[in-house]
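From first to last, the protein sequence lines are chains A and B. Sequential numbering of the first sequence, starting at 1, is according to our numbering. Sequential numbering of the second sequence, starting at 517, is according to our numbering. All C-beta atoms in this analysis are idealised placements derived from N, C-alpha and C, irrespective of residue type, glycine included. So the structure is just underneath, and the comments pick up after that.
There are 2 protein chains.
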Amino acid sequence: MSETEPSVKKSRRGGGRDGRRTARAAGGAVAAPYINLAIAPVDILSDEGAEIIENNAEIILEEIGIDFRDDPEALDILRNVGCDIRGERVRFPRGLARQLCSTAPSSYIQHARNPARSVEIGGNKMVFAPVYGPPFVRDLNNERRYATMADFQNLVKLTYMLPGLHHSGGTVCEPVDLPVTKRHLEMVYAHQRYSDKPYMGSVTAPSRAHDTIELSKILFGADFVAENTVISSLINANSPMTWDDTMLGALKVYARHKQAVVISPFILAGAMSPVSVAGTLAQTLAEAMSGIAFAQAVNPGAPVIFGSFASSMSMQTGAPTFGTPEPAKVLYGCAKLARRLNVPFRSGGSLTGSKTADAQAAYESAHTLMPTVMAGTNFVLHAAGWMEGGLVADFAKLVLDADQLTMVPNLVNGIDLSENGQALDALRETGPGQHFLGSSHTQANFQNAFWRSSMADNNTFEQWSSEGEVASAERARKRAADLLAAYEAPAIDPAIDDALRAYIAKRMEELPDTDY
Amino acid sequence: MSETEPSVKKSRRGGGRDGRRTARAAGGAVAAPYINLAIAPVDILSDEGAEIIENNAEIILEEIGIDFRDDPEALDILRNVGCDIRGERVRFPRGLARQLCSTAPSSYIQHARNPARSVEIGGNKMVFAPVYGPPFVRDLNNERRYATMADFQNLVKLTYMLPGLHHSGGTVCEPVDLPVTKRHLEMVYAHQRYSDKPYMGSVTAPSRAHDTIELSKILFGADFVAENTVISSLINANSPMTWDDTMLGALKVYARHKQAVVISPFILAGAMSPVSVAGTLAQTLAEAMSGIAFAQAVNPGAPVIFGSFASSMSMQTGAPTFGTPEPAKVLYGCAKLARRLNVPFRSGGSLTGSKTADAQAAYESAHTLMPTVMAGTNFVLHAAGWMEGGLVADFAKLVLDADQLTMVPNLVNGIDLSENGQALDALRETGPGQHFLGSSHTQANFQNAFWRSSMADNNTFEQWSSEGEVASAERARKRAADLLAAYEAPAIDPAIDDALRAYIAKRMEELPDTDY
């Protein structure tokens, strides 16, 4: 199996602002910036079923209500658009939440500093981003330990170099060696400096969302950021049916600046939602609609994504489980509900509860990724590197998952029925009992005919054995080390880089060294 | 994670013939005998696309033709139904093959000696069978070596005990310690004696197909076999567009006895078919139709399965590759073509080119299995245990794959929209910020709400680590050893067992000890 990396294709625009954001792909291949699906999404929830779920979501919103906690301004905003507020419990009269959601765009462009990397999120587009949130890493020595800022930078660099990933993500790991008050500055900078793919912003405090926006203004120009979306950030619900002030605060900052928010009920079904698919669907829809409606109440037209993170709980041990059929059904159902709401959809990834990149990890990841892809999910967080139920960012698994992602375009591009695709001439030329290797059709098409893994070993047993019987995870660690050794940062205007560092230095001075 | 096996459910019928074939499940759990799909098959080939492919298949059948080699009787049969024969090249006038196929049943019952294990093949039913054909095993000690009859028996025993597998399969490995002339007798007997699931027959010579039928008459009764299908056997095309006399000879024996044949073009795309999906589809359809038409010409109404085994070749190294998108597209397309031909469909499995049960093996297997399932494949050979491109039957992977198979019923049973499934009462009872663990709905439903792997480790890192950091494949070898230690053969009427052994002894006397 050849391990050739795709050749670097440079895409350059002219000078000025565009010049500063121009494609500088040294060290990272510019693959297609996102995937276009040519096949219809798999639909396992009937239209009648969707109507039942939508009706139940309205019942939740109108009768049970959603808590918006510790944020009086949020309650005022919701009261002003017609919600019924009692204490922190917000009830949406039937139809109000859906009506508010209608101002959300069905699709948006998230700009990257390299325009060739800008992504469209929504419609029939699909964008892959790496794992988000783990406090631990499993590193290049296969050691599991707390994550550091150096790990964060390395994960950003690998994501930049891996063509399966379109988006740099956000908290690719939690760099616990920096104070909570300050780490967001280095995290955002790492995405800005070590990659030229689009990125996510800090959501752990409104002030950190502000810092993200200020840093983005320096990178893209304030005028550009005023008019365009350059950040997508993750706003998790505190399920069931609760939003807290941290998430609401960050949401307001981003929505007011026309930056995108991924409104994501985060549900361990059985604990944080009913122990059923249809119940989880109704709750997810109600929570997502309440968050999207709030974002639209804050700033009509602000880009949003309907998110769903659903795992099922082992009802025997309480452990979260991944790659199981019930979350897959929730995913298919939510994708349809999001289409009916006419907003982009986020879910899935390459999820697993396994502790190493073994067969369990790969089965569970693939059994999450396939529903994700076949449902037509628009934005896929955790598409690579997720381990141990999200506790660990695994360098080997990042490489293995990202390799799998590169097959997706070939899976969803439909069947080529052109004359060349039909290949009748090859059939006529070859005939019974002959092989097609030498046919002119094969010669003309073999380079791009079939997807090829860069990580699979398809050699004979004898060759594999003579090379030391190296299993998949070990090959991936080697590949990750090789990639990092070959890494070259995308070029950046030194004046911009200086301005970013100056802003960070100033804020570092201002902020306390605390862990909250 | 609990490792409880499902409890044994005994299903018994009355005495006589039924009594002899009665359910005796000691040692093996009787799960549902096959899967019912409640969701529509995924359809990525449009109706217009299918018409193009069907037209091209007719062009292949009419203009290029199919070789039927070294079997003058086959040529006579085909001449008599209207084919154009020149030498061994058979051309089907446009529409003839499809017309001949129309007498094939759209679905059939393959009876097991335990009626509770009988399977329906066709329609919206799905049946999983283990790996077929490997000359090697990777054994309980993780040693790779030539397979023996003892391995064959152990693989049959494991398949009997694994609830994910509905069918005992055929050549679960090639027992090279017995002469080729005789091994089929012990192989068929192993399926008959050590399992009570349905099985496949020998196809390596017409006389061995006859032996399979004679042994089946002893097990089921000659009258029963005269009226019912108790054997499904694999008839591979010698692609491109060629049938050989061995396969044709076995096909004729089975079809004349109303036993089922799985007509399977076996295609390494790029070498044995054009290097394109649409070209491979047309060729597969033409080959399958020619074989099915021949079976119907031999005995109209004989049960058949439209088979497709498609892998893509690495055009760089010549190695077969698995779990890649192009074969998945061939699978989706062929499934639709089989539905339009109104015959059962066989394809897919848990295929991989990996040498061990590592992440590569699991990714590739899952990326074969998901299209297999979502396409609504009726009969799935190689659903568990396949390794190294089919060269190896891996005991650990058999257990791991079979565990994954048990999730499929939960994936394809649709979304429960009953009142209990909607769980509105649970949502009302629980409300914002609370958990659902104690709700009456959860208490009433938690036992069966979510599928649970019996092989995944979802414990904490600390627990997993304290237990020795055992990866997935090693856990599976342990499980396989435990299962074999606990194995109890299903009961059999001693008179029948004696008759089977007597037949085998007589044939062993008659047959030479040669390797052809």
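CA-to-CA distance, residue j to residue i, given in whole angstroms
i, j, result
"A:L162", "A:N124", "22 Å"
"B:A997", "B:A547", "21 Å"
"A:A26", "A:T229", "Its pLDDT being 36, under 50, A:A26 is placed unreliably by the model, and nothing is read from it."
"A:F266", "A:P105", "23 Å"
"B:Y662", "B:A878", "23 Å"
"B:A660", "B:N858", "Looking at the sequence shown, residue 660 of chain B is not Ala but Arg. Each residue's alpha carbon lies about 42 Å from the other."
"B:L1027", "B:K698", "7 Å"
"B:L561", "B:N571", "14 Å"
"B:R537", "B:A776", "Because B:R537 sits at a pLDDT of 34, beneath the cut-off of 50, its placement in the model cannot be relied upon, and the following sentence gives the value as read from the coordinates. If I take the Cα positions, the gap works out to 20 Å."
"B:V558", "A:N413", "14 Å"
"B:K525", "B:S870", "Its pLDDT being 34, under 50, B:K525 is placed unreliably by the model, and the measurement read from it follows with that caveat. When rounded, the distance between both Cα atoms is 37 Å."
"B:I808", "A:E474", "46 Å"
"B:G686", "B:I1012", "21 Å"
"A:R138", "B:I734", "59 Å"
"B:A1021", "B:G737", "19 Å"
"B:P1090", "B:G817", "Beyond the ends of chain B as shown, which are 517 and 1032, falls residue 1090 of chain B; an answer cannot be given."
"A:A57", "A:R98", "10 Å"
"A:L203", "B:Y550", "Sequence check: residue 203 of chain A is Val here, not Leu. C-alpha separation (whole angstroms): 48 Å."
"B:A539", "B:T922", "Here the model assigns B:A539 a pLDDT of 34, short of 50, so the residue's position is not dependable, and the following value carries that caveat. Spanning the two alpha carbons is a distance of roughly 21 Å."
Rounded Cβ spacing between residue i and residue j (contact assumed at less than 8 Å)
i, j, result
"A:L215", "A:V188", "5 Å"
"B:Y648", "B:I637", "Contact flag wrong, Cβ pair sits at about 16 Å."
"A:S472", "A:A286", "Contact flag wrong, Cβ pair sits at about 41 Å."
"B:L797", "B:V741", "Contact doesn't hold; Cβ gap of about 36 Å is too wide."
"A:E88", "A:R69", "5 Å"
"B:L674", "B:L1000", "7 Å"
"A:W451", "B:P714", "Not a contact, Cβ separation roughly 36 Å."
"B:S684", "B:S711", "4 Å"
Which residues DSSP lists as bridging residue i, in chain order
i, result
"A:G307", "A:R346"
"B:I568", "DSSP lists no partner for B:I568."
"A:S232", "A:A260"
"A:R86", "A:R89"
"A:E120", "A:I109"
Contact set between residue i and chain A, taken where Cβ atoms lie within less than 9 Å
i, result
"B:I568", "L417 and Q422"
Neighbouring residues, chain B, relative to residue i (Cβ below 8 Å)
i, result
"A:S168", "Residues of chain B passing the Cβ test: none, with the nearest at roughly 24 Å."
"A:G353", "A972, D973 and N974"
"A:E388", "F977"
Minimum C-alpha distance to residue i - residue among the options
i, options, result
"B:R709", "B:M1024, B:A613, B:I1008 and B:P836", "B:I1008"
"A:M315", "B:F962, B:E978 and B:R607", "B:F962"
"A:H382", "A:H191, A:G468, A:L165 and A:M374", "A:L165"
"A:S273", "A:A293, A:A310, A:A250 and A:F306", "A:A310"
"A:K397", "A:M407, A:A384, A:F436 and A:D70", "A:A384"
"B:G864", "B:V896, B:K845, B:P557 and B:P1006", "B:V896"
"A:E388", "B:H957, B:G869 and B:T976", "B:T976"
"A:G49", "B:L847, B:E935 and B:A992", "B:E935"
"A:L369", "A:A40, A:I292, A:A209 and A:F322", "A:F322"
"A:T317", "B:P722, B:I931 and B:D973", "B:D973"
"B:E1025", "B:I580, B:L701, B:H683 and B:I555", "B:L701"
"B:G1038", "B:I821, B:E945, B:S866 and B:V915", "Chain B is shown from 517 up to 1032; residue 1038 of chain B falls before or after that span and cannot be answered."
"A:T430", "B:S955, B:G947, B:E589 and B:P756", "B:P756"
"A:T377", "A:N410, A:G307 and A:D425", "A:G307"
"B:R772", "B:Q812, B:Q979 and B:A554", "B:Q812"
"B:A835", "B:A854, B:G786, B:V643 and B:E983", "B:G786"
"A:M374", "A:L411, A:A359, A:S454 and A:S365", "A:L411"
"A:V304", "A:F345, A:G468 and A:V277", "A:F345"
Closer than 7 Å at the beta carbon, the chain A residues around residue i
i, result
"B:W967", "T324, P325 and E326"
"B:G930", "I44"
Neighbour list for residue i in chain B, Cβ cutoff strictly below 9 Å
i, result
"A:P240", "L943, T946, G947, P948, G949, Q950, H951 and F952"
"A:T321", "M517, F966, W967, R968, S969, A972 and N974"
Chain-ordered chain B contacts of residue i [CB-CB under 7 Å]
i, result
"A:N56", "Q938 and L940"
"A:D67", "P948 and G949"
"A:N445", "V791 and S792"
Any non-hydrogen atom of the ligand NAP closer than 7 Å to residue i Cβ
i, result
"A:N154", "Judged by which ligands are present, the structure shown has none, so any question about the ligand NAP falls away."
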